[in-house]
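Peer 1:
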Amino acid sequence: MTSAAHDVPPAVSADPFPLLPPADTPLTIVRRLFSRMVTLCWVELRKIRHDRTELYTRAIQPALWLLIYGEVFTRIHAIPTPQHIPYLAYLAPGILAQSALFIAIFYGIQIIWERDAGVLTKLMVTPTPRAALITGKAFAAGVRSVVQAVAVLILSALLGVTLTDNPLKLLGAAAVVVLGSAFFSCLSMTIAGIALSRDRLMGIGQAITMPLFFSSSALYPEKIMPGWLQAISKCNPLSYQVDALRGLLIGTPAHLGLDLLVLVIATVLAISASAALLPRLAR
Amino acid sequence: MTGQPEASVATAAAGPAETGRSAVVCSGLTYRFGTHTAVDHVDLRIEPGETFGLLGPNGAGKTTTIRMLTTLLKPMEGNVSVLGIDAAEQPMRVRRMIGYVPQMLSADATLTGRENVELFARLFDVPRSVRRQRVEDALAAMGLTEPAGRQVKTYSGGMIRRLELAQALVNSPRLLVLDEPTVGLDPIARTDVWEFIARLRESADMTVLMTTHYMDEADTYCDRIALMHAGSIRATGTPGLLKAMLGEHATLDDVFRHYTGGTLDDTEKGGIRDVRRARRTARRLG
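One line per chain: the protein sequences are A and B, in this order. If you count the first sequence from 1, you need to add 80 to reach my numbering. Note that my numbering numbers the second sequence so that position 191 is 173, with each residue one more than the last.
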């Protein structure tokens, strides 16, 4: 059976028992994972194309943070920034991360909707391992966040923030946004697997977004936080995401290696957790 | 099941029993929810090429049986295999051979019909070189070429069901599993969907397993049926033979009453509940 290297069952023939699909090899498993990521990102892009209103409505909040909060706090010079960059420039990557967080943290609602509509069951009967399904969805959330991030970046540039024009750094920032969203969307899907209802997930999502946001370095540097908050911030993946984004986009000193390592490990853990809980949703 | 007169009929399909590769074999298949035994030592054999109906009222265990067959649940006892491959041991291989249409009307309403089918072509690893053609073929086979570019939220219930069939067919499955394919559809849409399934049966060489509690549909469209009640199979055979055993003018309803002890009223009640649920789904989708 392993000698037949087909990936696809052959077409039905007159033979009552034509070749059965071959058993999986490690290569097919890896290929399948990447194929599912591409597929689910493709679906996400199609959805964004069909309905752009969410893109616009979700741009309102970051715009307010930058326009009102950002402008005011830039004027009063209340928050010390590294290398004395304008506060608005310091804030922009934080707001970028925040808007990605807001998208990702409610991403689990989609999986609950799919479960209620019977779509999840159908997806799980395709040759898609649970972890591949979750990973695909996590990166689809990342794709949506990147599209949103472009809007925030354009807005920041219009407000006079000097951003990097190095395409590699911009690509790196996109990768960081994807990783952060992948983590938070898996966190959301994990909660979905526990809460099992849209309303409860909404409640929990609302309850944790602001604490996640305020306990990170998105709005202010860690060093001006009280000690206990610094400790929490050190455990908050959002802080690492913001640190990396600042380093890449604004050029402030950052610990890129550590940031990426934390984000990758957190994402892998979150994917495992939500994949383990997926059968609860499909029951 | 033991003690019940079992009517088994040799199928027209050429000698599958010799090779031991039936399309589906369940042996001693059992699943419990807490103390409730939903599926109780079910033995079943479906031969390649036949259209097999699993009949029974709601709660008979049909859907749970299907869920074990489609690898969504692991059997607690016994096993189920598709073309000789055990569903619990090699779920990925089994999934690659089956097309599944669940009870609920379920397509992504925000995508177009074509995108819905392409999604499943990708999820079944249909090679890129033939993907577009396969998607168009599946849509055409279900009469959806014209509305394929529209978002599914504009589709009627019958169209969504046909779209789901197209999704299941895009991989040219060896076994098509339909869970209550016409629940929640109005009579015209029901006939319409059945016509497409029947046409499909003529053109493609595949096995179809479906559950239903519409006796008339099973009578018309199934080669063989199994009556399921309270988790076990009460009788198996061709509709004609099962009816003949009860007398000249017996209907499948009579057969059903005979084996399940007159619970047809429950069936009706369940049926209506199901219809309501499917209607809700339809509304949400559109």
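We put the CB at the ideal spot given by N, CA and C, even for glycine.
Are residue 262 of chain A and residue 212 of chain A close, meaning C-beta to C-beta below 9 Å?
Peer 2: No, these two residues do not count as a Cβ contact at 9 Å.
Peer 1: Compare the C-beta of residue 362 of chain A against all C-beta atoms of chain B and say whether one is closer than 9 Å.
Peer 2: It does; some Cβ of chain B falls within 9 Å.
Peer 1: Can you confirm whether residue 106 of chain B, when its beta carbon is compared against all beta carbons of chain A, has any partner nearer than 9 Å?
Peer 2: So, interface residue.
Peer 1: On the DSSP bridge list, what partners appear for residue 268 of chain A?
Peer 2: In DSSP, residue 268 of chain A forms no bridge with anything.
Peer 1: Label residue 315 of chain A either buried or exposed according to how many other C-beta atoms from any shown protein chain fall within 10 Å of its C-beta, with 16 as the threshold for buried.
Peer 2: Counting Cβ neighbours within 10 Å, residue 315 of chain A comes out exposed, since fewer than 16 surround it.
Peer 1: Measuring CA to CA, which of B:70, B:233, B:149 is closest to residue 106 of chain B?
Peer 2: Considering only alpha carbons, the answer is B:149.
Peer 1: Is there at least one Cβ from chain A nearer than 9 Å to residue 163 of chain B's Cβ?
Peer 2: Taking Cβ atoms only, chain A never reaches closer than 9 Å to residue 163 of chain B, which makes this a no.
Peer 1: Kindly confirm or deny that the region 70 to 82 of chain B and the region 112 to 125 of chain B touch, where touching means at least three C-beta pairs closer than 8 Å.
Peer 2: Touching, no, given that fewer than three Cβ pairs across the two stretches are closer than 8 Å.
Peer 1: I need the DSSP call for residue 362 of chain A, collapsed to helix, strand or coil.
Peer 2: In this structure, residue 362 of chain A counts as helix in the three-state DSSP scheme.
Peer 1: What residue range is occupied by the uninterrupted alpha helix (DSSP H) comprising residue 149 of chain A?
Peer 2: It is not in any alpha helix (DSSP H) - residue 149 of chain A carries neither H nor E in the DSSP assignment.
Peer 1: Going along the chain, which residues of the region 211 to 225 of chain A sit with their C-beta nearer than 7 Å to a C-beta in chain B?
Peer 2: Residues: none.
Peer 1: Using beta carbons (cut-off 9 Å, strictly below), is residue 127 of chain A in contact with chain B?
Peer 2: Interface residue, yes.
Peer 1: Measuring CA to CA, which of B:167, B:21, B:45, B:65 is closest to residue 4 of chain B?
Peer 2: Checking every option, the nearest Cα to that of residue 4 of chain B belongs to B:65.
Peer 1: Look at residue 157 of chain B and residue 191 of chain B and say whether their C-beta atoms are less than 9 Å apart.
Peer 2: Yes, Cβ-Cβ distance for residue 157 of chain B and residue 191 of chain B is below 9 Å.
Peer 1: Using a Cβ-Cβ distance under 9 Å, would residue 106 of chain A count as near chain B?
Peer 2: For residue 106 of chain A, the answer is no, since every Cβ of chain B falls outside 9 Å of its Cβ.
Peer 1: For the region 269 to 282 of chain A and the region 155 to 165 of chain A, state whether three or more C-beta atom pairs, one from each stretch, are separated by less than 8 Å.
Peer 2: Result no; under three Cβ-Cβ pairs closer than 8 Å.
Peer 1: Work out the CA separation of residue 69 of chain B and residue 201 of chain A for me, nearest whole Å.
Peer 2: Those two C-alpha atoms are separated by around 16 Å.
Peer 1: Going along chain B, which residues have a C-beta under 7 Å from residue 332 of chain A?
Peer 2: Within 7 Å Cβ-Cβ: nothing; residue 332 of chain A doesn't reach chain B, min ~40 Å.
Peer 1: Closer than 8 Å by C-beta to residue 270 of chain A: which residues in its own chain qualify, once you throw out the five before and the five after it? Chain order, please.
Peer 2: Contacts found: 188, 350, 353, 354, 357.
Peer 1: If we define contact as Cβ-Cβ less than 9 Å, is residue 313 of chain A a contact residue for chain B?
Peer 2: It does not: the Cβ of residue 313 of chain A has no partner Cβ on chain B nearer than 9 Å.
Peer 1: Using the beta-carbon of each residue, which ones in chain B are nearer than 8 Å to residue 198 of chain A?
Peer 2: Here the neighbours are 84, 85, 86, 87, 88, 263.
Peer 1: Whole angstroms is fine: what's the gap from residue 305 of chain A's alpha carbon to residue 247 of chain A's?
Peer 2: The straight-line gap from Cα to Cα measures roughly 33 Å.
Peer 1: So, is the C-beta of residue 34 of chain B closer than 9 Å to a C-beta in chain A?
Peer 2: No, because no Cβ of chain A sits closer than 9 Å to the Cβ of residue 34 of chain B.
Peer 1: Taking the beta carbon of residue 286 of chain A as the centre, do at least 16 other beta carbons fall within 10 Å, making it buried, or is it exposed?
Peer 2: When all chains shown are included, residue 286 of chain A counts as exposed.
Peer 1: In terms of DSSP beta bridges, what is residue 417 of chain A paired with?
Peer 2: Because chain A is modelled from 81 through 363, residue 417 of chain A falls outside the range shown and cannot be assessed.
Peer 1: How long is the line joining the alpha carbons of residue 171 of chain B and residue 275 of chain A, rounded to whole angstroms?
Peer 2: In a straight line, the C-alpha of residue 171 of chain B is about 37 Å away from that of residue 275 of chain A.
Peer 1: What does residue 208 of chain A touch in chain B if you count any residue whose Cβ is under 7 Å from its own?
Peer 2: Near residue 208 of chain A (Cβ distances below 7 Å), the residues of chain B are 105.
Peer 1: On the criterion of 16 or more Cβ atoms from any shown chain inside 10 Å, does residue 44 of chain B qualify as buried, or is it exposed?
Peer 2: Residue 44 of chain B is buried by the Cβ-count criterion.
Peer 1: Along chain B, in chain order, which residues have C-beta atoms closer than 7 Å to that of residue 204 of chain A?
Peer 2: Per Cβ cutoff of 7 Å: 54.
Peer 1: In whole angstroms, what is the alpha-carbon distance linking residue 128 of chain A and residue 164 of chain A?
Peer 2: Roughly 38 Å between the two C-alpha positions.
Peer 1: Taking the alpha-carbon positions, what's the residue 107 of chain A to residue 115 of chain A distance?
Peer 2: Going by the C-alpha atoms only, they are around 12 Å apart.
Peer 1: Mapping the DSSP letters down to three states, classify residue 319 of chain A as helix, strand or coil.
Peer 2: Residue 319 of chain A: helix per DSSP, three-state reduction.
Peer 1: How is the alpha helix (DSSP H) around residue 23 of chain B delimited, first residue to last?
Peer 2: It is not in any alpha helix (DSSP H) - residue 23 of chain B instead sits in the beta strand (DSSP E) that spans 18 to 28.
Peer 1: Distance, Cα to Cα, residue 216 of chain A vs residue 260 of chain A?
Peer 2: Each residue's Cα considered, the two are about 14 Å apart.
Peer 1: Quick one: is residue 178 of chain B near chain A, going by C-beta distance under 9 Å?
Peer 2: It does not; no Cβ of chain A falls within 9 Å.
Peer 1: State the DSSP-derived secondary structure class of residue 133 of chain B, mapped to helix, strand or coil.
Peer 2: Reduced to three states, the DSSP call for residue 133 of chain B is strand.
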